[in-house]
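Here the numbering used here is used: position 23 in the sequence shown is 23, and no number is missing along the way. Don't be surprised by glycine CBs; every beta carbon is placed ideally from N, CA and C. Encoded as C-alpha cells, the structure appears first; notes follow it.
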Amino acid sequence: MVCAVIYSLKESKQNNSNIVLLEFQGNFQSNETQVNNLKMGDISFNNDKATLMIGHHRVEGKKVKLLKPFAIIRKREKNQEQEEQDKMIMDESSSSSVIYDTVIILREKYVFSHRPGLLVQESLRGLTRIGG
1 MVCAVIYSLK ESKQNNSNIV LLEFQGNFQS NETQVNNLKM GDISFNNDKA TLMIGHHRVE
61 GKKVKLLKPF AIIRKREKNQ EQEEQDKMIM DESSSSSVIY DTVIILREKY VFSHRPGLLV
121 QESLRGLTRI GG
C-alpha cells in the first residue's frame, strides 16, 4: 500500500500565491531544444482580461472560473522530526520518505481561445504596398 502525506495549504511551507493557470488553444513552436524556463513573451493582467505579447503578435484571454478547484502540490523529502511524527500515526510499513506540500488551490484560469492578432508599427499602418 502506498501512503502519501499531503499537508494542507495552511501548514505548507511552500505557499506561493503568484501562480496563474493559462489555457491556450493550439500549440507553440520554438527553434530552441531546451524549453524549460524559456521566455515566451510578456503578459499583463487587467481586471478579468490578460494580454500576452509574443514577438509581433498579441493574444487576449479572459478569466473564467474552474468547474472544480485545482490543487498544485510540490514534492519534498521528509526531515527526521516529520518521520518520527508519521511513525506514531501510521505503522512503519506504510511510511514514506517523501511528503507533499499544497502550494496553492486555483479556482480561476485565463483562457486564450482566439487567434493571435498581428501588431503593425504605427508608421506602417494603412499601407497597401511595401517596397518599390
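Straight-line spacing of the CA atoms in Ile19 and Tyr110 works out to 12 Å. Contact between the stretch 44–58 and the stretch 98–106 is absent: fewer than 3 CB-CB pairs across the two stretches fall below 8 Å. By DSSP's assignment, Gly26 forms no beta bridge with any residue.
In the three-state reduction of the DSSP assignment, Ser44 falls in the strand class. When beta bridges are read from the DSSP output, His56 appears opposite no residue.
Our two residues, Ile104 and Lys75, have alpha carbons roughly 13 Å apart in a direct line. Following the DSSP letters along the chain, one finds Ile104 inside the beta strand (DSSP E) bounded by residues Val98 to Phe112. Counting the other CB atoms within 10 Å of its CB gives Gly117 a total below 16, which places it among the exposed residues.
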